[in-house]
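Read the structure below first, then the notes.
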Amino acid sequence: MTTKTMTDDDKIALAKEMFAAWEQMDWARVVDLFAEDGVLHSVMQEPVVGREALTERMAVLGSRCERLELRVRALGVIDGRVFAERVDDFDFGGHHGEVPVVGVLAMEDGRVTQWLEYYDRPTLLAGMGMAADFAH
Numbered sequence: 053m054t055t056k057t058m059t060d061d062d063k064i065a066l067a068k069e070m071f072a073a074w075e076q077m078d079w080a081r082v083v084d085l086f087a088e089d090g091v092l093h094s095v096m097q098e099p100v101v102g103r104e105a106l107t108e109r110m111a112v113l114g115s116r117c118e119r120l121e122l123r124v125r126a127l128g129v130i131d132g133r134v135f136a137e138r139v140d141d142f143d144f145g146g147h148h149g150e151v152p153v154v155g156v157l158a159m160e161d162g163r164v165t166q167w168l169e170y171y172d173r174p175t176l177l178a179g180m181g182m183a184a185d186f187a188h
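Listed below in structure tokens is the structure:
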């Protein structure tokens, strides 16, 4: 198996492609940009691992997401990983929310292998019109 070396520019381009797929709500493209065993991990929850699980998560998200804009404030590569500071502005299930987020993406062979998301979960849930559940 040949491994494609990704430059920092390649990584930034892949991150921008991923963000564009999210904004277009092209959930199949989002999943395709992950490696087969890729991980999407909102760090306050269990990680979503692999394309099958990612497809299921995107179907749930896509069923209620009406609009999504990722306003990137800063984007760069540090120690081989892409760091993105952004504000997610969305309409979800008839509710509007804005959530500050920091995402950290690891990439290999032209795909995202791991995407860590750091944000305030109660702010996200409030924007989605959901009560925060602090029991778990």
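Residue numbering for the sequence shown follows my numbering, beginning at 53 and increasing consecutively.
Where a beta carbon is used, it is the ideal one built from N, C-alpha and C, also for glycine.
{"query": "Considering only their Cβ atoms, is the gap separating Leu157 from Ala67 smaller than 8 Å?", "result": "yes"}
{"query": "Can you name, in chain order, every residue of its own chain whose Cβ lies under 7 Å from the Cβ of Thr175, other than the five neighbours on each side?", "result": "Val151"}
{"query": "How far does the alpha helix (DSSP H) with Thr175 in it extend, from its first residue to its last?", "result": "173-179"}
{"query": "Per DSSP, Ile130 is paired with what?", "result": "Arg133"}
{"query": "Could you check whether the stretch 117-132 touches the stretch 73-82, counting it as contact only if at least three pairs of C-beta atoms, one from each stretch, sit closer than 8 Å?", "result": "yes"}
{"query": "Taking only three categories from DSSP, how would you classify Thr59?", "result": "coil"}
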